[in-house]
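Residue numbers (the working numbering), protein chains in the order written: chain C, 52 to 235; chain W, 5 to 202; chain R, 23 to 248. The beta-carbon is built from N, C-alpha and C at its ideal position, and this holds for glycine as well. Predicted, not measured: the structure shown is a model, and the values here were computed from it. Written out below as structure tokens is the structure these notes cover.
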Amino acid sequence: MRSKDIALVALFAAITVVLGLFPLIELPLVPAPFTAQTLGVMLAGSILGARRGGLAILLFVVLVAIGLPVLPGGRGGIGVILGPTGGFILAYPVGAFVTGLITEWLWRRYNVAYALLANAIGGALVLYVIGIPWMAMSANLPLGKAITGSVVFLPGDLAKIIVASLTAVTVRRAYPLVQPRQAA
Amino acid sequence: MLSLYHEARSPVHAMPAGAKLLVLLGTGTGLFFVRSIGALGVAMGVVVLGYALARVPARVGLRHLLPILPVLAVIVVAQVLLTDWVTAALVGQRIVVLVALANLVTLTTRTSAMVATVEAVLRPLRPLGVRPERVGLVVAMTVRFIPVLKEQADQVRAAQRARGVRRSTRFLTPLLIKTLRLADGLGDALEARGAGSD
Amino acid sequence: MIELRNVHHRFGDHQVLRGIDLSLTEQRIAIVGANGSGKSTLARLLNGLLLPTEGQVLVDGLDTKKHGKVIRRKVGFVFQDPDIQIIMPTVVEDLDFGLKHHGIPRPEREARVEAALAEYGLAAHRHHPAHLLSGGQKQLLAIAAVLITNPTHIIFDEPTTLLDLRNRHRITRLITELDHQVILITHDLELAATATRVIVLDQGTITADGPPTESLSSYIAAHTNP
Numbered sequence: 052m053r054s055k056d057i058a059l060v061a062l063f064a065a066i067t068v069v070l071g072l073f074p075l076i077e078l079p080l081v082p083a084p085f086t087a088q089t090l091g092v093m094l095a096g097s098i099l100g101a102r103r104g105g106l107a108i109l110l111f112v113v114l115v116a117i118g119l120p121v122l123p124g125g126r127g128g129i130g131v132i133l134g135p136t137g138g139f140i141l142a143y144p145v146g147a148f149v150t151g152l153i154t155e156w157l158w159r160r161y162n163v164a165y166a167l168l169a170n171a172i173g174g175a176l177v178l179y180v181i182g183i184p185w186m187a188m189s190a191n192l193p194l195g196k197a198i199t200g201s202v203v204f205l206p207g208d209l210a211k212i213i214v215a216s217l218t219a220v221t222v223r224r225a226y227p228l229v230q231p232r233q234a235a
Numbered sequence: 005m006l007s008l009y010h011e012a013r014s015p016v017h018a019m020p021a022g023a024k025l026l027v028l029l030g031t032g033t034g035l036f037f038v039r040s041i042g043a044l045g046v047a048m049g050v051v052v053l054g055y056a057l058a059r060v061p062a063r064v065g066l067r068h069l070l071p072i073l074p075v076l077a078v079i080v081v082a083q084v085l086l087t088d089w090v091t092a093a094l095v096g097q098r099i100v101v102l103v104a105l106a107n108l109v110t111l112t113t114r115t116s117a118m119v120a121t122v123e124a125v126l127r128p129l130r131p132l133g134v135r136p137e138r139v140g141l142v143v144a145m146t147v148r149f150i151p152v153l154k155e156q157a158d159q160v161r162a163a164q165r166a167r168g169v170r171r172s173t174r175f176l177t178p179l180l181i182k183t184l185r186l187a188d189g190l191g192d193a194l195e196a197r198g199a200g201s202d
Numbered sequence: 023m024i025e026l027r028n029v030h031h032r033f034g035d036h037q038v039l040r041g042i043d044l045s046l047t048e049q050r051i052a053i054v055g056a057n058g059s060g061k062s063t064l065a066r067l068l069n070g071l072l073l074p075t076e077g078q079v080l081v082d083g084l085d086t087k088k089h090g091k092v093i094r095r096k097v098g099f100v101f102q103d104p105d106i107q108i109i110m111p112t113v114v115e116d117l118d119f120g121l122k123h124h125g126i127p128r129p130e131r132e133a134r135v136e137a138a139l140a141e142y143g144l145a146a147h148r149h150h151p152a153h154l155l156s157g158g159q160k161q162l163l164a165i166a167a168v169l170i171t172n173p174t175h176i177i178f179d180e181p182t183t184l185l186d187l188r189n190r191h192r193i194t195r196l197i198t199e200l201d202h203q204v205i206l207i208t209h210d211l212e213l214a215a216t217a218t219r220v221i222v223l224d225q226g227t228i229t230a231d232g233p234p235t236e237s238l239s240s241y242i243a244a245h246t247n248p
């Protein structure tokens with residue numbers, strides 16, 4: 052990895068922490084503390100691509116795990132990861148990677164619609180696919196019930212997908228960083 | 005940035021980070037096979053003893069347990085509605101024991117020891133091109149730049165408020181572009197200061 | 023000695039430097055020029071942060087294209103904005119950073135860090151997070167962290183631009199007291215006047231090169247509306 056890439060990875064991990072410090076979107080009844088940083092997950096993948104974006108968010112998760120208070124409300128530590136919602140946090144790097152991968156495939160024709168697609172799959176769907184079964188297991192709940200329970204995340208996630216996509220498209224115009232990739 | 009580490013002299017603090025993480029891993033797996041409230045009660049007692057041994061005040065321990073309460077409440081209520089009180093209690097206990105034990109590891113292990121453990125775990129991956137010694141570097145860089153970027157974010161927001169922009173998400177684009185510029189400079193600084201990758 | 027042989031540099035379609043030939047032997051050299059004159063690009067060519075698209079840059083006879091890492095050990099670089107250059111969270115860690123990457127053993131590193139803390143008045147801030155330092159202290163830390171690695175040449179890229187008057191004087195004095203080969207890239211004509219040789223850059227070519235009085239007066243004349 053070049054030094055510039057190392058800088059990007061570290062700075063996007065830092066940005067993801069900073070995003071958790073601002074109440075970006077406040078919707079009533081949405082448990083924001085669990086989702087505030089998924090915007091960082093989407094932006095890292097959309098702006099840096101799969102490898103660097105995934106590593107940036109992996110670094111963020113390492114910061115959580117080693118006990119730095121980088122989650123909203125100054126939370127952190129392995130307890131958060133091993134708790135019922137920990138699956139979502141562990142899914143963050145995978146989500147950023149997938150967002151980046153889709154972004155790379157669509158890079159030449161990238162627009163808001165494609166950005167929405169990439170962010171919805173990587174920044175939300177991937178997190179549900181890993182986070183919800185984890186919660187079901189941790190809480191000993193049937194998967195169906197856990198899925199129903201996770202509906203509360205939807206409005207917030209939808210808003211973040213839109214914000215991340217509009218931002219990613221604008222940033223791409225000013226500062227295109229992703230290397231396009233041919234779909235296999 | 006302050007870590008969640010709780011400074012004290014104790015046998016728990018003195019235990020190597022790797023050993024603590026292994027105990028945690030073993031307990032975390034084992035707990036899923038325990039189906040008795042009594043046995044989980046004993047486990048809970050052992051964790052409380054651990055906190056006492058580590059000289060972590062109850063106040064500190066509880067404060068770190070507090071954030072999981074909302075989720076825990078939802079889960080316990082769901083269990084009561086779907087199954088019965090006994091299952092609800094089992095599930096609730098299991099989560100509390102696991103999270104409390106994990107918090108104890110966090111509270112008694114320095115960030116630097118954690119980083120060293122991460123590096124040690126990654127060492128076997130070296131043939132795949134992983135550079136474990138870079139973990140400490142990027143962790144430190146991130147800690148260094150969190151306040152810098154927070155300041156930039158505050159500046160962008162202040163400038164936008166002065167111009168009457170109220171939507172809070174508007175500050176993302178300028179903040180990200182500043183961050184990308186910063187990355188150019190920081191990449192140069194890493195090279196210039198001898199941390200280049202070539 | 024740093025030598026440039028017919029150096030051209032291009033970013034995409036944008037030609038930044040056109041055929042620069044220079045032999046930098048004097049101990050204190052200033053390179054001045056307007057924004058966009060190519061002086062920052064030139065600075066980054068001198069230690070191999072950038073490689074010329076055409077021509078050669080030689081540091082003590084070594085080509086930056088082949089010996090980047092060795093050259094960057096010889097040629098220290100102080101950036102305009104210390105916030106970019108300070109890489110580690112605290113003062114001590116940042117002073118230690120370059121030493122660690124140069125593979126210097128720990129006891130010597132500790133001794134050098136202590137000496138630098140004392141010399142640059144940073145001892146009281148040793149464990150302070152870098153972001154809590156004042157602008158002047160940050161620039162001092164940035165310079166100290168470069169000097170501590172014992173380079174033989176140091177490039178300063180506009181070291182006083184972001185500073186207030188008091189800190190500008192302080193940093194200027196510090197720079198004039200160095201006995202390394204110093205190359206100053208600057209807007210600050212007062213600072214440039216402390217050099218023995220001043221090179222004026224305009225749109226990628228050298229328009230004046232000589233003692234400070236001559237070069238600076240030609241620079242001022244060229245950039246003042248009649």
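Integer Cβ distance of R/Asp-179 from R/Ala-65, believed to fall under 8 Å: About 5 Å separates the CB atoms of R/Asp-179 and R/Ala-65; that is less than 8 Å, so the two are in contact.
Minimum C-alpha distance to C/Val-60 - residue among W/Val-139, W/Leu-105 and W/Val-122: For C/Val-60, the nearest C-alpha among the options comes from W/Val-139.
Chain-ordered neighbours of C/Thr-150 on chain W, where CB pairs are closer than 7 Å: Under a criterion of Cβ atoms nearer than 7 Å, no residue of chain W is adjacent to C/Thr-150; the nearest Cβ is some 15 Å distant.
Beta-carbon contacts of C/Ala-95 that lie in its chain and below 6 Å, excluding the five residues immediately before and after: By the criterion of a C-beta distance shorter than 6 Å, C/Ala-95 is surrounded in its chain by Phe-63, Gly-104, Ala-107, Ile-108 and Ala-147, once the five residues flanking it on both sides are discounted.
Separation of W/Ala-117 from W/Ser-14, as counted between CA atoms: Each residue's alpha carbon lies about 16 Å from the other.
Span separating the alpha-carbon of C/Val-222 from that of W/Val-52: Rounded to whole angstroms, the gap between the alpha carbons of C/Val-222 and W/Val-52 is 50 Å.
Continuous alpha helix (DSSP H) assignments of at least 4 residues falling wholly in the stretch 178-214 of chain R: 187-198 and 211-214, all fully within the stretch 178-214 of chain R.
Identified DSSP bridge partners for W/Val-46: Looking at the DSSP assignment, W/Val-46 forms no beta bridge with any residue, so it has no partner.
Delimiting residues of the beta strand (DSSP E) encompassing R/Val-29: Where R/Val-29 is concerned, the enclosing beta strand (DSSP E) stretches over 24-33.
Chain C within 9 Å of W/Pro-71, Cβ atoms only: Taking Cβ atoms only, chain C reaches closer than 9 Å to W/Pro-71, which makes this a yes.
Contacts that W/Gly-133 makes with chain R (C-beta to C-beta distance below 9 Å): Here the premise fails: no neighbours, minimum Cβ distance about 19 Å.
Nearest to C/Arg-232 (by Cα), restricted to the options C/Gly-151, C/Gly-200, C/Phe-73 and C/Leu-168: Among C/Gly-151, C/Gly-200, C/Phe-73 and C/Leu-168, the Cα nearest to that of C/Arg-232 belongs to C/Gly-151.
At least three beta-carbon pairs within less than 8 Å, the stretch 189-198 of chain W to the stretch 110-124 of chain R: With the cut-off at 8 Å, the stretch 189-198 of chain W and the stretch 110-124 of chain R touch.
Reference C/Glu-155, options C/Arg-53, C/Leu-228 and C/Ala-58, closest by Cα: Closest by C-alpha distance to C/Glu-155, out of C/Arg-53, C/Leu-228 and C/Ala-58, is C/Leu-228.
For C/Gly-118 and W/Tyr-55, believed in contact at Cβ under 8 Å, the rounded distance: The distance from the Cβ of W/Tyr-55 to that of C/Gly-118 is about 16 Å, inconsistent with a contact at the 8 Å cut-off.
DSSP-derived helix/strand/coil call for R/Thr-112: DSSP places R/Thr-112 in the strand class (E or B) of the three-state scheme.
Identified DSSP bridge partners for R/Val-220: Answer by DSSP bridge pairing, in chain order: R/Ala-52 and R/Gly-232.
Residue(s) in a DSSP beta bridge with C/Val-131: None; C/Val-131 has no bridge partner.
Sufficient close CB pairs (3 or more, under 8 Å) joining the stretch 85-97 of chain R to the stretch 27-42 of chain R: No, they do not touch.
Rounded C-alpha distance that separates R/Gly-34 from C/Gly-138: Between R/Gly-34 and C/Gly-138, the alpha-carbon positions lie close to 45 Å from each other.
Interface partners of C/Val-69 on chain B, CB under 7 Å: The structure shown has no chain B; the protein chains it does contain are C, W and R.
Status (buried if at least 16 other CB within 10 Å, exposed otherwise) for C/Trp-185: Classification for C/Trp-185: buried.
Where C/Leu-78 falls: helix, strand or coil (DSSP): For C/Leu-78, the pLDDT reaches just 47, beneath the cut-off of 50, and the residue's location in the model is therefore unreliable, although a value from the coordinates is still provided. If DSSP states are grouped into helix, strand and coil, C/Leu-78 belongs with coil.
Alpha carbon of R/Arg-94 to alpha carbon of C/Ser-201, nearest angstrom: Whole-angstrom Cα-Cα distance: 53 Å.
Assigned secondary structure, C/Arg-103 (DSSP; H/G/I helix, E/B strand, else coil): It is helical.
For C/Ala-83, three-class secondary structure by DSSP: Low confidence applies here, because C/Ala-83 scores a pLDDT of 46, under 50, leaving its location unreliable; read the following figure in that light. C/Ala-83 falls in the helix class under three-state DSSP.
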